[in-house]
Every structure is written in C-alpha cells, then in structure tokens.
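What follows is a single structure, written as structure tokens, with notes after it.
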Amino acid sequence: MSLQPYASPIERIWFWVFRVFCGLILVFLMIPVLVIIPLSFSDSSFLTYPIQGFSLRWYEQIFSAGPWMDSLKNSLIVAPLATLLAMIFGTLAAVGLNRADFPGKGLILALLISPMVVPLVIVAVGMYFFFANLGLLNSYTGLVIAHAVLGVPFVVITVNATLQGFDYNQMRAGASLGASPLRVFFTVVLPQIIPGVASGGLFAFATSFDEVVVALFIASPTERTLPIQMFSGIRENISPAIAAMATILILMSVVLLLVMELLRRRSEKMRSHS
Amino acid sequence: MTSIAATQTAAGTQPVTGLKAQLRRAERLKKIKAMLLVAPLALFLIIAFVLPISSMLWRSIDNTEVSQVMPQTATLIQQWDGSGLPDEAVFAAFAAELRDSRSGGGLGRIGRRLNYEDPTFRSLLTRTLRGLPASTELSWTEELISIDPRWNDTATWQAIQRTAPLTTDRYLLASLDLERNAEGQIVKVAENQQLYIQVFKRTLIIAGGVTLICLFLGFPLAYLLATLPTSTSNLLLICVLLPFWTSLLVRTAAWIVLLQSGGLVNAGLMWTGLIDSPIQLVFNRIGVFFAMVHVLLPFMILPLYSVMKGVSPSYQRAAVSLGAHPFAAFWQVYVPQTLSGIAAGTILVFIMALGYYITPALVGGPSDQMVSYYVAYYTNTTNNWGMAAALGALLLIVTLLLYMVYHKLVNQKQLVRS
Chain A
35 MSLQPYASPI
45 ERIWFWVFRV
55 FCGLILVFLM
65 IPVLVIIPLS
75 FSDSSFLTYP
85 IQGFSLRWYE
95 QIFSAGPWMD
105 SLKNSLIVAP
115 LATLLAMIFG
125 TLAAVGLNRA
135 DFPGKGLILA
145 LLISPMVVPL
155 VIVAVGMYFF
165 FANLGLLNSY
175 TGLVIAHAVL
185 GVPFVVITVN
195 ATLQGFDYNQ
205 MRAGASLGAS
215 PLRVFFTVVL
225 PQIIPGVASG
235 GLFAFATSFD
245 EVVVALFIAS
255 PTERTLPIQM
265 FSGIRENISP
275 AIAAMATILI
285 LMSVVLLLVM
295 ELLRRRSEKM
305 RSHS
Chain B
2 MTSIAATQTA
12 AGTQPVTGLK
22 AQLRRAERLK
32 KIKAMLLVAP
42 LALFLIIAFV
52 LPISSMLWRS
62 IDNTEVSQVM
72 PQTATLIQQW
82 DGSGLPDEAV
92 FAAFAAELRD
102 SRSGGGLGRI
112 GRRLNYEDPT
122 FRSLLTRTLR
132 GLPASTELSW
142 TEELISIDPR
152 WNDTATWQAI
162 QRTAPLTTDR
172 YLLASLDLER
182 NAEGQIVKVA
192 ENQQLYIQVF
202 KRTLIIAGGV
212 TLICLFLGFP
222 LAYLLATLPT
232 STSNLLLICV
242 LLPFWTSLLV
252 RTAAWIVLLQ
262 SGGLVNAGLM
272 WTGLIDSPIQ
282 LVFNRIGVFF
292 AMVHVLLPFM
302 ILPLYSVMKG
312 VSPSYQRAAV
322 SLGAHPFAAF
332 WQVYVPQTLS
342 GIAAGTILVF
352 IMALGYYITP
362 ALVGGPSDQM
372 VSYYVAYYTN
382 TTNNWGMAAA
392 LGALLLIVTL
402 LLYMVYHKLV
412 NQKQLVRS
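These protein sequence lines are chains A and B, in that order. Read left to right, the first sequence gives residues 35 to 308 (this note's numbering). Read left to right, the second sequence gives residues 2 to 419 (this note's numbering).
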C-alpha cells in the first residue's frame with residue numbers, strides 16, 4: 035500500500051491516520067516486552083521508572099542457588115522430555131493420517147487436536163483427580179505426561195502441513211530398492227519433514243516451558259517449574275528478580291523466533307526443489 | 002510396500018479377479034498400517050486426556066457418597082413416599098450404618114454431602130453419633146428422636162432421600178442458579194444466593210469484549226502487513242511474533258509494571274495533564290482487558306494476515322476505477338473477501354478467552370474472575386468437586402460447540418504458522 039501522487043488531501047490524511055494507528059498498535063504489542071528489560075538492571079527493589087542506578091544484583095539472585103535455579107532446572111527436565119514424547123507420538127500419527135483414508139479419520143483428527151482447545155483449567159482438574167488415583171500426582175512423570183498431551187497437537191498440525199507436499203512414490207522407490215520400512219522412514223521421509231517436526235517440537239517446548247495452570251494443580255513444591263515460580267513471584271512480591279528472569283525468557287523467545295524463521299525458510303526451499 | 006510389489010509380480014500370472022482381490026488386500030493393509038501409526042497417540046490421548054476429563058465430568062452428576070457409606074438406608078429410604086416419617090426399618094438401618102460410618106472416613110464423606118442439603122447436617126450427625134446407644138429397648142425411631150428432635154422432621158429425612166440415588170442434577174442446576182424445591186420442581190435460587198449466571202455473563206462479556214477489541218486492532222494491522230512490500234512487512238511481523246513467543250507470565254508481569262499507580266502509563270497520562278493523580282489501572286477490569294488483548298491479539302492478526310495475503314488488490318482498484326468511493330470499495334469489495342479470516346480469528350480468540358484463568362487471577366480484582374477461576378476455587382479451596390465439575394462441564398460444552406463451528410470454517414493448518 036502506498037500513497038498515489040494523485041491522492042486527494044482527504045486520502046492523504048486518511049492514509050497517515052491509518053499509519054499512525056497501526057504504529058500505535060505495534061507499540062502496544064512491543065512495549066511490555068521492551069519495558070521490562072531495563073528494570074532488570076535496576077539497583078532498586080521496586081519495579082518502577084526512572085531507574086536510579088545500574089546493578090546486576092537481580093541476575094546474581096536468580097543465578098545463585100535457590101528457588102529460581104531449582105525451578106529452572108525442573109523446567110529443563112520436564113520440557114525436553116515432554117517435547118520428545120510429543121514429537122514421537124505426533125510425527126507417527128501425522129504420517130499415519132496422511133498415508134491412507136480409514137474410517138473415523140475426521141473424528142480421530144479432532145481427538146488429536148482437542149488438547150489445544152479444551153480450557154486448561156478443565157485439563158488441570160481432570161488430571162489432578164486422575165493422577166491422584168494413579169499415584170502420579172506430585173511426580174515428574176505426571177508433569178511430563180501432562181505437558182506431552184498439551185504439546186502433541188502442535189506437532190500433529192505442523193508435520194501434517196509439511197506432509198501435504200510429500201510424494202509417497204519416494205517411499206515405494208525406497209522399498210523397491212530393498213530398504214526396510216524403518217530405513218525408508220529415517221533416510222527418505224524424516225529428512226524431508228524434519229522442519230515440520232522441529233517447529234512442532236519448538237511449539238511443544240514453548241508450551242511446556244510456559245505452562246502454569248496444569249502444573250499448579252499436579253506439581254508439588256519439589257517439581258515446581260519456572261512458570262509456577264514466576265506466577266507466585268508475581269502474585270506475592272513482584273521484585274526485579276522477576277524482571278531478570280523475564281529478560282532471559284525474552285532472549286529465549288528471540289532465539290525461538292529465529293529458529294522458527296530458519297525452519298520456515300528451509301521448508302520453503304525444500305518445497306521449491308520438489 | 003512389499004505387498005504392492007507382490008501384487009505387481011503376481012499380476013502377470015494371476016487372472017484378473019485375483020489381481021483385484023490382491024489389490025484390495027494391499028489397500029486394506031495400507032489402511033491398517035496407517036491406523037497402527039495413529040494408534041499410539043490416540044491411545045495415549047484417550048488414557049491421559051479423555052479419561053481424566055470424562056471422569057471429572059462424571060463428578061458433576063456423581064451422588065454416590067450416601068449410597069456407598071449407607072447402602073441399606075439408601076435403598077430403603079428411596080421407597081419412602083416422602084410424607085410423615087419413614088418407617089422403623091429405615092431408622093434402624095440408619096442407626097446401624099451411622100455407627101459403622103465412623104471407621105474409614107465414611108462419616109466425613111456423607112457429612113460433606115448432606116451439608117450441601119442443609120449446612121447444619123454434619124453437626125447433627127456427629128451429635129447423634131455421640132448419643133447413639135449400642136442397642137435399644139425402645140424403637141430406633143424413638144431413640145433417634147430422643148437424641149435430637151430434628152429426626153422428627155420430615156425435611157431431615159427428605160434431605161437424606163435426595164442424596165440416596167446414584168446420580169444428581171443438583172450441581173448442574175446450581176451452576177445455573179437453579180435448585181429443586183421440597184416438591185422436586187426446578188426453581189430459581191433466592192436472589193441473594195445467585196452467583197453463577199453472573200459469572201457466566203461476566204465471562205461472556207470479558208471474552209466478547211476482548212474479541213471485539215482484538216478485531217478492531219487486528220484488522221487494520223493485518224491489512225497494513227498484507228499490503229506492505231514483503232521486506233517491510235516481515236520486519237513488522239517480528240513485532241507481532243516476538244510477543245506471541247514471549248512467556249505469558251512475562252507479559253502479565255510487564256503489564257502490572259506498566260499499569261501500576263507509579264507505572265509508565267500513569268506517569269504518561271499525568272505528564273500530558275489528562276489526570277492529576279494516578280488512576281487505578283490494574284487489579285481491575287481495565288488491567289484484565291489490557292493484558293488479555295495483548296496476549297490474544299496475535300491470534301487475531303495471524304489468521305487475518307494469511308487470508309489477506311491471498312486477496313488480490315486489483316478487485317478493489319477495479320471498483321475504484323468504476324467510480325466507487327474508496328471507502329465503499331474497501332467495505333463492499335475487500336472486507337467480504339476477508340470474512341473467512343475474520344471468522345477464524347474471532348472464534349479462535351473468543352474460545353481462548355473463555356477459558357482464561359491466569360491473567361484475570363494476576364491482573365484482575367475479585368469481580369473480574371471468570372468461570373475457570375471458580376472451577377479451580379472449588380477444586381482447591383472448598384473441595385466441592387461436584388460444583389467444580391458442573392461449572393467445568395458447562396464451560397467445556399460452550400467451548401466445544403464453538404470449536405466445531407471453527408472447525409467447519411477453517412483448515413487446521415491455519416492454526417499454526419509454519
């Protein structure tokens with residue numbers, strides 16, 4: 035969209051009003067992300083501007099042994115395992131869904147996507163009672179299972195999308211050349227769908243790394259994850275330590291965004307080759 | 002794979018009918034293989050997701066407390082016609098089973114259940130249990146009435162009768178501010194006890210308001226992104242995607258920092274002279290709207306953007322060249338082509354907003370809490386699981402209905418930008 039040289043004054047005004055409005059929305063979107071970063075370097079105990087002095091004490095606090103490090107460690111245990119589980123189950127299912135039509139396929143797809151739709155609090159309460167009966171409450175296993183459930187739809191969706199352009203004759207070619215189905219999968223299929231698997235995995239990882247509702251219900255203080263620590267920090271005493279951890283999480287989301295963009299480019303390049 | 006190869010080698014030697022049969026078998030094998038690939042995940046989700054949720058939903062009609070702890074009383078009292086007093090057999094069974102309920106936590110369970118019928122019931126039970134003799138020379142009817150005259154009330158026994166069947170609709174009715182009166186008719190609860198209709202209304206108002214604001218902000222921005230040259234729009238898209246990828250808790254914390262009384266927004270407003278002293282922007286409805294719109298706006302922008310990318314600008318130009326006012330060309334030619342994106346974004350944002358719990362809990366006040374909050378509250382704080390399940394069931398039904406509409410409208414792929 036650009037302004038034509040013959041535009042009338044009203045069109046010019048409208049054009050600029052529109053641009054300024056959009057600019058304000060972008061500011062609205064970015065400002066919370068930007069505003070919290072400088073506060074993490076403040077030496078005051080209050081999260082207010084203007085910042086009086088510079089200090090790294092809050093980073094020192096979160097990186098020294100204590101609840102922040104423990105919760106970060108817990109999240110780094112739970113999230114990768116949940117992601118791995120979601121990636122394996124999700125990729126297999128997506129390949130299966132694309133291989134052939136079978137009765138009840140639509141219903142099954144709806145089932146596989148449903149964890150993304152059901153309100154989290156319902157998932158949380160349901161798992162709370164169910165895991166209590168199985169003795170999985172307050173355990174890493176329970177948390178990993180719960181987060182794998184929540185992450186699986188993303189893997190199914192992204193792998194499914196990547197498989198849309200996949201030519202199944204390649205699998206036949208591989209098989210006719212004598213490769214076992216497993217070998218065909220790992221040497222022919224997987225290299226082509228890896229961008230979809232990886233971006234689904236990133237979604238699943240981000241989901242687990244930011245999930246607080248289910249974790250609040252089924253984790254004990256021992257398995258306290260980073261989001262729970264953030265949640266109680268915000269609720270009880272909002273200190274610049276939260277800003278410091280937030281800054282690290284923002285950095286992490288920048289990295290996630292970059293990796294996603296790389297994966298998208300790679301998958302586009304692959305598609306243009308085939 | 003191997004079966005197809007087998008089909009092909011067999012083709013030369015077998016008659017046509019055999020080939021058909023083999024092809025069918027190969028097709029069937031392919032289907033079975035496909036199903037076997039889907040099966041692990043389907044099973045995993047049925048066990049770890051569907052089962053927990055359905056057993057939770059069962060609790061919304063579950064009424065087995067009394068019939069488990071007092072099976073005989075429950076059976077007998079259901080035969081009572083509900084007038085006067087039940088006969089001696091019921092009294093005797095009740096006395097015997099009340100004595101047994103002391104072990105194994107049974108007393109606590111029925112006490113909690115009967116307290117929902119009448120909040121003094123638990124104390125009546127403990128009081129009766131204390132005075133209960135091991136055997137009686139009188140009838141158990143007289144014995145119980147001598148311990149507490151309330152056992153002479155028809156209403157006391159009616160309350161027990163209501164708790165005797167295996168299922169109940171009281172929680173579901175209660176979550177709609179309804180109850181059954183003594184005659185068993187469904188009536189509205191007293192004005193001062195009505196709560197949930199208000200909560201549902203509030204949930205719909207907040208979710209609807211957030212959705213409308215997201216549409217109002219998201220549509221222009223998506224339009225700008227879709228019409229700018231790709232290099233510029235990709236750069237601006239980062240401003241949408243970075244918050245999208247940033248932790249929800251980080252963003253919520255940031256809004257508290259921004260909106261608090263000494264925060265930047267208040268400072269800015271005071272600097273411009275619009276206000277003289279800081280105004281309350283957080284821990285109330287305003288804060289909830291700010292934070293929720295911020296979290297959900299990308300979910301509006303991304304589907305709109307992907308639809309708008311596919312809309313050719315030449316239709317709009319053609320309309321203008323045919324003499325339409327630019328605004329009319331936009332409204333009558335461009336907007337209708339983006340309707341699928343509008344529908345997708347709107348329903349997606351609305352569905353997600355309905356189930357919100359964390360954001361209102363952190364940046365809202367007591368009167369800004371939505372249905373999810375009460376589900377969590379009844380589970381964690383008061384252990385009234387029937388009520389938690391009933392509210393959850395209603396929330397789930399509304400969500401799933403909307404999701405079905407969404408599913409009809411949109412392809413799965415658009416949910417995730419990959």
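The beta carbon of each residue, even a glycine, is placed where N, CA and C say it ideally should be. For clarity, every value in this text was computed on a predicted model and none was experimentally measured.
- Annotation for Glu144(B): the continuous alpha helix (DSSP H) segment containing it runs 141 to 148.
- About 6 Å separates the beta carbon of Ala43(B) from that of Ile142(A), a gap short enough to meet the 8 Å contact definition.
- The beta carbon of Val293(A) lies closer than 7 Å to those of Leu236 in the same chain, with the five residues before and after it left out.
- Per DSSP, reduced to three states, the secondary structure at Arg103(B) is coil, with no helix or strand assignment.
- Contact of Val293(A) with chain B is not assigned, every C-beta pair being separated by 8 Å or more.
- Ala94(B) counts as buried, since no fewer than 16 other beta carbons sit within 10 angstroms of its beta carbon.
- Between the segment 272 to 285 of chain A and the segment 391 to 399 of chain B there are fewer than three inter-stretch CB-CB distances shorter than 8 Å, so the stretches are not counted as touching.
- Taking 8 Å as the upper bound for CB-CB distance, Phe123(A) and Phe50(B) are not in contact here, some 12 Å apart.
- Counting every other CB atom within 10 Å of its CB across the protein chains shown gives Gln162(B) a total of 16 or more, marking it as buried.
- For the options Gln80(B), Gly274(B), Ser307(B), the alpha carbon positioned closest to that of Gln159(B) is the one of Gln80(B).
- Interface with chain B (8 Å Cβ-Cβ cutoff): Val246(A) is included.
- Between the segment 140 to 156 of chain A and the segment 213 to 229 of chain A there are fewer than three C-beta pairs closer than 8 Å, too few to call the two in contact.
- Per DSSP, the unbroken alpha helix (DSSP H) holding Glu270(A) starts and ends at 260 to 270.
- Below 8 Å, too few C-beta pairs join the segment 214 to 227 of chain B and the segment 358 to 366 of chain B to call them touching: fewer than three.
- At a cut-off of 8 Å between beta carbons, Arg171(B) makes no contact with chain A.
- A straight-line Cα-Cα distance of about 8 Å links Arg181(B) and Leu174(B).
- Annotation for Leu410(B): Ser341, Ala344, Ala345, Ile348 place their beta carbon closer than 8 Å to its own, counting only its chain and skipping 5 residues before and after.
- A Cβ-Cβ contact shorter than 8 Å links Leu126(B) with Leu108(B).
- Here Ala128(A) is near Val193(A), since their CB atoms are less than 8 Å apart.
- The beta carbon of Ser173(A) sits no closer than 8 Å to any beta carbon of chain B.
- Flagged as an interface residue toward chain B: Met64(A), by a C-beta distance shorter than 8 Å.
- Val189(A) places its beta carbon 8 Å or farther from that of Thr241(A).
- For Glu180(B), the enclosing beta strand (DSSP E) covers residues 179 to 181.
- If you compare the alpha carbons of Tyr306(B), Glu89(B), Arg151(B) with that of Thr129(B), the shortest gap goes to Arg151(B).
- Secondary structure of Phe75(A) (DSSP, three-state): coil.
- Taking each of Ser373(B), Leu403(B), Val406(B), Gly387(B) in turn and checking the Cα distance to Val157(A), the smallest one comes out for Ser373(B).
- Within the segment 72 to 131 of chain A, not a single complete beta strand (DSSP E) segment reaches 3 residues in length.
- Ile280(B) and Asn267(B) have their C-alpha atoms some 7 Å from each other.
- From the listed residues Trp102(A), Ile191(A), Ile71(A), Asp104(A), the smallest Cα separation to Ser89(A) is found for Ile71(A).
- Look at Thr121(B) here: in three-state DSSP terms it is coil, with no helix or strand label.
- The beta carbon of Val241(B) lies closer than 7 Å to those of Pro299, Ile302 in the same chain, with the five residues before and after it left out.
- With a 10 Å radius around the Cβ and a threshold of 16 neighbouring Cβ atoms, Val61(A) comes out exposed.
- By the criterion of a C-beta distance shorter than 6 Å, Tyr335(B) is surrounded in its chain by Gln317, once the five residues flanking it on both sides are discounted.
- In this structure, DSSP gives Ile280(B) a state outside helix and strand, which the three-state scheme calls coil.
- Around the beta-carbon of Trp92(A), 16 or more other beta-carbon atoms lie within 10 Å, marking it buried.
- Judged by pairs of C-beta atoms under 8 Å, the segment 257 to 270 of chain A touches the segment 93 to 110 of chain A, as three or more such pairs exist.
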